[in-house]
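Counted from 1, the sequence shown has number 102 at position 102 by this note's numbering; the numbering is strictly sequential. Below you'll find the structure, written out as structure tokens, and then a few comments.
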Amino acid sequence: MKLYSYWRSTTSYRVRVALHLKGIPFETIPVNLIEGEQRSATFSQVNPSGGVPVLELQDGTRLTQSLAILDYLDTIAAPKLVPADSILGAQVRAAAQIIALDIHPVNNLKVVGMLPDADADAKVSWMLHWMREGFNAFSQAIHNKDKYCFGDTVTIADICLVGQLINAHRWGLDLSPYPRLTEIETNCLALPAFQAAAPDAQPDATT
């Protein structure tokens, strides 16, 4: 498989973690979002939406959108990232979507870049506001005393959370109100799959 990815992309991070957790080998194809490679004519043939990640299967089929890719990976390899129990599975998906659908879209590079009359500080304040809103909701959606968000097994909720916390650290969000979230982060980052997926561990990582 080939993964079109950007080292700081939290959506790409989700897929990298899942691939490593499941032991699926892949080749990274870097796409430099800062330089606008996602808007090139060449990449538009890969993903008309102009975003990463894109997972290219061995037969050339290309899958887009990180949550859809995670769903696909759950159909082909263990460990499963969404519990089989229908209620718990829905709760896990809902928590993951707080990160993936409530926080990430409004903090996305192409959205923040379109904020009218906003200087750099205002853009950071915008991102931190939506992270706080999302983390407040996420904290109430997960289990309180488990090793991970839902029990002792990593789910897509953990993967989405740790990816978003990367941005929280990067932009200086005060995480002291969220000790449960940082505890989960510590537990996840102890796993080799999360370490291998880390932004700084990617072939296109820059200082």
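We put the beta carbon where it would ideally sit given N, CA and C, even for glycine.
Is it the case that the Cβ atoms of residue i and residue j are separated by a distance below 7 Å?
i    : j    : result
R62  : V54  : yes
E27  : K2   : yes
A201 : H20  : no
E37  : V31  : yes
S66  : V124 : no
L128 : L173 : yes
Q164 : I103 : yes
I156 : L70  : yes
Assuming residue i contacts residue j (C-beta within less than 8 Å), just tell me the rounded distance between them.
i    : j    : result
M131 : A168 : 6 Å
V106 : R93  : Going by Cβ atoms, the distance from V106 to R93 rounds to 20 Å, so no, they are not a contact pair.
W126 : L115 : 6 Å
T153 : P79  : 7 Å
K22  : L73  : 6 Å
Can you give me the start and stop residues for the alpha helix (DSSP H) that residue i sits inside?
i    : result
R16  : 10-21
P192 : 192-197
E185 : 179-189
V124 : 120-141
F43  : 41-44
Does DSSP classify residue i as helix, strand or coil?
i    : result
V106 : helix
K2   : strand
L63  : strand
G89  : helix
G50  : coil
G163 : helix
G172 : coil
Among the residues of its own chain, which have a CB less than 7 Å from the CB of residue i, if the five just before and after it don't count?
i    : result
F194 : V17, V162, C188
I98  : G134, A137, F138, A141
C160 : R14, A96, I99, A100
Cutting at 6 Å between CB atoms, please list the residues of its own chain near residue i, excluding the five before and the five after it.
i    : result
W7   : P199, Q202, D204, A205
S5   : S12, T28, V52, P53
E185 : V162, L165
Which two residues bound the contiguous beta strand (DSSP E) that contains residue i?
i   : result
V54 : 54-56
I29 : 27-30
Tell me which residues share the same chain as residue i and place their Cβ nearer than 8 Å to its Cβ, disregarding the 5 neighbours each side in the sequence.
i    : result
R180 : S139, I142, N144
P192 : H20
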